[in-house]
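Protein chains: 2
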Amino acid sequence: MKKGENLLPCPRSFFPVKPVMNKSTETVAIVGVGLMGGSIGLALRERRLARRVIGIGRQASRLQQARRLGAVTETTTSLARGVAEADLVVVCTPVDNVVDHVCAVAEEAGPGTLITDVGSTKVQIISELKERLPAAVRFVGSHPLAGGEKAGVKFAQPDLFQDRLTILTPGPQSRRQEVSQISHFWQSLGARVIRMAPREHDQQIAMISHLPHVLAALLAAGTAADQLPLAGPGWLDTTRVAAGEVQLWRQIFQQNKVHVLKSVDKFAQLLTSFREALDKDDMEKVTRLLETGKQNRDAVGN
Amino acid sequence: MKKGENLLPCPRSFFPVKPVMNKSTETVAIVGVGLMGGSIGLALRERRLARRVIGIGRQASRLQQARRLGAVTETTTSLARGVAEADLVVVCTPVDNVVDHVCAVAEEAGPGTLITDVGSTKVQIISELKERLPAAVRFVGSHPLAGGEKAGVKFAQPDLFQDRLTILTPGPQSRRQEVSQISHFWQSLGARVIRMAPREHDQQIAMISHLPHVLAALLAAGTAADQLPLAGPGWLDTTRVAAGEVQLWRQIFQQNKVHVLKSVDKFAQLLTSFREALDKDDMEKVTRLLETGKQNRDAVGN
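Residue numbers (our numbering), protein chains in the order written: chain A, -17 to 284; chain B, -17 to 284.
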């Protein structure tokens, strides 16, 4: 294959200067082929960004499904075999498994292999990896702000990352070239990329992603069974993410406990001030809160 | 027009025994042609359930838009003229205006005219109408659990009520025939219909509709401007309804204050117990809460 041959169908804007996914990233291995891993595979293949996409997982049936859906070109239940020839490995397993999987990949892959993850928490993962990974390993943490409440490769979408943000959390030991390569990888899937320190990431994401999940889950949990048939569009939208996988979210809340608790406290204060305003018929304050909410929601769009 | 002539395209299931929208309901007047009123008009016309659909409102430009979109066949800014020949009048104005508008309709319409509304609160509306409406007036309160955060006739949909629930809140003075006619009216638009006492309605709806709006609005209001660019699918879904019209919701919260406060308190308790569990690393309890949420959410579907 000629260098750059597989890049032609990519939107130009993602490659303003030069092709990024070149010969050196022609083999991508994905550890954990669910919604995220499957969507990465579909995007890579649809955009012809990688010649080989190797799906690695424990369940052969799930891997077969990923292959049938076109998300990967090869599959294996052996991590060692799967990553041996990979230029890039993306670890897409639940946050509690990311560190072990990244370490296993680092041990089995060739020395030049670039590694990233898609975990929704970063402080714990990055600090554990700092302890455990040899300095030569080329790892940069990622968190694509995409996905949804649906689990499994059957819900994978090639455009899942299109126009979505991906946050990179390089540590002090991250080399500029690696950060740049991982950044270009996500851009080549259609994402916009920003960088943050792991602590800032966890703090911001607690508020913008983890807190919404807490509220959605508790709203759904607090609805009595005999009220469920009355659910209209408002309840449906507001609780949608509560259908997400319980163990994934339990792990996220536990890993990001400090910031999740802070976000919950901040929200509880706001709920108390709304409650007091309504109780006292201070409708100006109720209106102000609703207006701020509408302004922020309108500012983001769909 | 022959009796029943306009009923043929209706799904049979809505008319298991006999046509409902017959000659006696061939003219429907809609007071307030926004998302709800416009959708009623579109549904009536698409299903050929009414020969004339008269849109009544204050703004001529908005009425013209409704006519252009096919939601109404005639328009007028005069409530008296608009309802004079109507068999059925549907008042689709904000909850604070419903009582005045229903009373005005009752005064101007013919003696046999059937009147309903679409208000999201019922206790205050029904009790005020009980004081103010002459006993002969044929009114039954309705609340279709449909709609969304988008306001205005341009977002009206002929299938807005399809498979959605509409709650009727007949009072002790409601005659069986009127309740049955209003029930059939909503069924003919595709809705499923149930009946509730006004108090039960307000209590249930506080939890299933008004509380979600409080949470969505406060979540959006509590998000700092510099965090908004990080909003992913979770924040977007959970805050979606916060884009709803502020004054409509201010009125709803005020009218249903007692039950909204109770729902907020119930939710605050749940939030506290989640917070305590996470703080104490009681991950079994956190998991139980998330599981209950997921079960309820999965039970409702999309």
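Ideal Cβ placement from N, Cα and C applies to all residues, glycine included. A quick note: this is a predicted structure, and the numbers were derived from the prediction, not measured.
Any alpha helix (DSSP H) of 4 or more consecutive residues that is wholly inside the region 195 to 280 of chain A: You should have 215 to 221, 228 to 237, 239 to 261.
The region 204 to 217 of chain B / the region 226 to 240 of chain B touching (three or more Cβ pairs under 8 Å): The region 204 to 217 of chain B, when compared against the region 226 to 240 of chain B, does not touch it at the 8 Å Cβ threshold.
Neighbourhood of glutamine 229 (chain B) by C-beta, 8 Å cutoff - its chain only, sequence neighbours within 5 removed: Start at 1 with the first residue of the second sequence, and residue 229 (chain B) comes out as number 247. Closer than 8 Å at the Cβ level, and outside the excluded window around glutamine 229 (chain B), lie Pro76.
Nearest-angstrom Cβ-Cβ length linking histidine 183 (chain A) and isoleucine 234 (chain A), presumed shorter than 8 Å: Taking the first sequence and counting its residues from 1, the one referred to as residue 183 (chain A) is at position 201. Taking the first sequence and counting its residues from 1, the one referred to as residue 234 (chain A) is at position 252. The pair is not a contact, with the Cβ atoms about 13 Å apart (cut-off 8 Å).
Distance, alanine 25 (chain A) Cα to aspartate 280 (chain A) Cα: Against the first sequence, residue 280 (chain A) aligns to sequence position 298. Against the first sequence, residue 25 (chain A) aligns to sequence position 43. Taking the straight line joining both Cα atoms gives about 30 Å.
Contact residues within the region 204 to 224 of chain B, judged by C-beta distance below 8 Å to chain A: Correct list: Gly204, Thr205, Ala206, Ala207, Gln209, Leu210, Pro211, Leu212, Ala213, Gly214, Pro215, Gly216, Trp217, Leu218, Asp219, Thr220, Thr221, Arg222, Val223, Ala224.
Segment contact, 8 Å Cβ cut-off, at least three pairs: the region 243 to 255 of chain A with the region 255 to 263 of chain B: The region 243 to 255 of chain A, when compared against the region 255 to 263 of chain B, does touch it at the 8 Å Cβ threshold.
CB contact check: asparagine 79 (chain A) to chain B, cutoff 8 Å: Locating residue 79 (chain A) in the first sequence gives position 97, counting from the first residue. Under the Cβ criterion of 8 Å, asparagine 79 (chain A) is not counted among the residues facing chain B.
Whole-angstrom C-beta distance between threonine 221 (chain B) and leucine 201 (chain B), which should lie under 8 Å: Taking the second sequence and counting its residues from 1, one reaches residue 201 (chain B) at position 219. Taking the second sequence and counting its residues from 1, one reaches residue 221 (chain B) at position 239. Leucine 201 (chain B) to threonine 221 (chain B), Cβ: 5 Å. Contact.
Distance, alanine 206 (chain A) Cα to threonine 98 (chain A) Cα: Counting from one through the first sequence, the residue named residue 98 (chain A) turns up at place 116. Counting from one through the first sequence, the residue named residue 206 (chain A) turns up at place 224. Distance between the alpha carbons of threonine 98 (chain A) and alanine 206 (chain A): 42 Å.
For histidine 125 (chain B): DSSP bridge partner residues: Taking the second sequence and counting its residues from 1, the one referred to as residue 125 (chain B) is at position 143. Residue pairing by DSSP puts histidine 125 (chain B) in a beta bridge opposite B:Ile149.
Alanine 68 (chain A) beta carbon less than 8 Å from that of alanine 118 (chain A): The residue given as residue 118 (chain A) occupies position 136 in the first sequence. The residue given as residue 68 (chain A) occupies position 86 in the first sequence. Cβ distance not < 8 Å, so alanine 118 (chain A) and alanine 68 (chain A) don't count as in contact.
Bridge partners - arginine 177 (chain B), DSSP secondary structure assignment: For the purposes of this step, residue 177 (chain B) is taken as residue 195 along the second sequence, with counting starting at 1. Answer is B:Leu150, bridged to arginine 177 (chain B).
Under the three-state DSSP convention, the category serine 6 (chain B) falls into: Mapped onto the second sequence, residue 6 (chain B) falls at position 24. With a pLDDT of 48 at serine 6 (chain B), under the threshold of 50, the predicted position of this residue should be treated as unreliable, and no value is reported.
Closer than 9 Å at the beta carbon, the chain B residues around phenylalanine 249 (chain A): Looking up residue 249 (chain A) in the first sequence gives position 267. By Cβ distance, chain B contributes Leu197, Leu200, Leu201, Gly204, Leu253.
Extent of the continuous alpha helix (DSSP H) to which valine 65 (chain A) belongs: To locate residue 65 (chain A), count along the first sequence from 1; it is residue 83. Element bounds for valine 65 (chain A): 61 to 65.
C-beta neighbour in chain A for serine 6 (chain B), strict 8 Å: As a position in the second sequence, residue 6 (chain B) is number 24, starting the count at 1. Its pLDDT being 48, under 50, serine 6 (chain B) is placed unreliably in this model, and the coordinates cannot settle the point.
Distance, alanine 91 (chain B) Cα to glycine 283 (chain A) Cα: By one-based count along the first sequence, residue 283 (chain A) stands at place 301. By one-based count along the second sequence, residue 91 (chain B) stands at place 109. Spanning the two alpha carbons is a distance of roughly 43 Å.
Collapsed DSSP secondary structure at valine 282 (chain B) in the structure displayed: The residue labelled residue 282 (chain B) in the question sits at position 300 within the second sequence. Helix, per DSSP.
Short CB-CB distance (under 8 Å) between proline 140 (chain B) and chain A: Here the question's residue 140 (chain B) lines up with position 158 in the second sequence. It does not; no Cβ of chain A falls within 8 Å.
Straight-line Cα distance separating arginine 49 (chain B) from leucine 218 (chain A): The residue given as residue 218 (chain A) occupies position 236 in the first sequence. The residue given as residue 49 (chain B) occupies position 67 in the second sequence. Taken atom to atom, the span from the alpha-carbon of leucine 218 (chain A) to that of arginine 49 (chain B) is near 31 Å.
Candidates B:Ala250, B:Asn278, B:Val105: closest to serine 255 (chain A) by CA position: As a first step, residue 255 (chain A) must be located in the first sequence, where it is residue number 273. Put simply, of B:Ala250, B:Asn278, B:Val105 the residue whose alpha carbon is nearest the alpha carbon of serine 255 (chain A) is B:Ala250.
Whether valine 71 (chain B) touches valine 87 (chain B) by CB criterion (8 Å): As a first step, residue 71 (chain B) must be located in the second sequence, where it is residue number 89. As a first step, residue 87 (chain B) must be located in the second sequence, where it is residue number 105. Note that the C-beta distance between valine 71 (chain B) and valine 87 (chain B) is below 8 Å.
Arginine 146 (chain A): contacting residues in chain B (beta-carbon distance under 8 Å): Taking the first residue of the first sequence as 1, we reach residue 146 (chain A) at position 164. By Cβ distance, chain B contributes Gly214.
Residues of the region 225 to 243 of chain B whose Cβ lies closer than 7 Å to any Cβ of chain A, in chain order: For the region 225 to 243 of chain B, the set of positions with a beta-carbon nearer than 7 Å to some beta-carbon of chain A reads Ala225, Val228, Trp231, Arg232, Phe235, Gln236, Lys239, Val242, Leu243 in chain order.
Cα-Cα separation, aspartate 141 (chain A) to arginine 34 (chain B): Counting from one through the first sequence, the residue named residue 141 (chain A) turns up at place 159. Counting from one through the second sequence, the residue named residue 34 (chain B) turns up at place 52. One Cα belongs to aspartate 141 (chain A), the other to arginine 34 (chain B), and the distance between them is close to 46 Å.
Proximity of glycine 52 (chain B) and valine 135 (chain B) at Cβ, strictly below 8 Å: Here the question's residue 52 (chain B) lines up with position 70 in the second sequence. Here the question's residue 135 (chain B) lines up with position 153 in the second sequence. Against a cut-off of 8 Å, the Cβ pair of valine 135 (chain B) and glycine 52 (chain B) comes out as no contact.
Within chain A, partners of aspartate 280 (chain B) - CB distance below 8 Å: Working through the second sequence from its first residue, we reach residue 280 (chain B) at position 298. Within chain A, the residues near aspartate 280 (chain B) are Ala225.
Contacts of aspartate 261 (chain B) in chain A (Cβ-Cβ under 7 Å): Your numbering for residue 261 (chain B) matches position 279 in the second sequence. Chain A residues near aspartate 261 (chain B): Leu243.
Chain A contact for glutamate 113 (chain B) (CB, 8 Å cutoff): Walking along the second sequence from the start, residue 113 (chain B) turns up at place 131. Not closer than 8 Å to any Cβ of chain A, the Cβ of glutamate 113 (chain B) fails to qualify, so no.
Selection from B:Asp208, B:Arg120, B:Val196 that minimises the alpha carbon distance to valine 223 (chain B): Counting from 1 along the second sequence, the entry for residue 223 (chain B) is found at position 241. Per the Cα distances, B:Val196.
CA-to-CA distance, phenylalanine 143 (chain A) to arginine 270 (chain B), given in whole angstroms: In the second sequence, the residue the question calls residue 270 (chain B) occupies position 288. In the first sequence, the residue the question calls residue 143 (chain A) occupies position 161. CA-CA distance, arginine 270 (chain B) to phenylalanine 143 (chain A), rounds to 31 Å.
Arginine 49 (chain A) in three-state terms, based on DSSP: Counting from one through the first sequence, the residue named residue 49 (chain A) turns up at place 67. Three-state DSSP puts arginine 49 (chain A) in a helix.
Separation of glutamate 28 (chain A) from alanine 62 (chain A), as counted between CA atoms: Position 80 of the first sequence, counting from 1, holds the residue named residue 62 (chain A). Position 46 of the first sequence, counting from 1, holds the residue named residue 28 (chain A). Each residue's Cα considered, the two are about 26 Å apart.
Exposed unless 16 or more other CB atoms sit within 10 angstroms - verdict on glutamine 163 (chain A): Taking the first sequence and counting its residues from 1, the one referred to as residue 163 (chain A) is at position 181. By the 10 Å Cβ count, glutamine 163 (chain A) comes out buried.
For glycine 16 (chain A), the nearest candidate out of A:Gln41, A:Glu8, A:Thr9, A:Leu31 (CA to CA): Here residue 16 (chain A) refers to the residue found at position 34 of the first sequence. The shortest C-alpha separation from glycine 16 (chain A) is found at A:Gln41.
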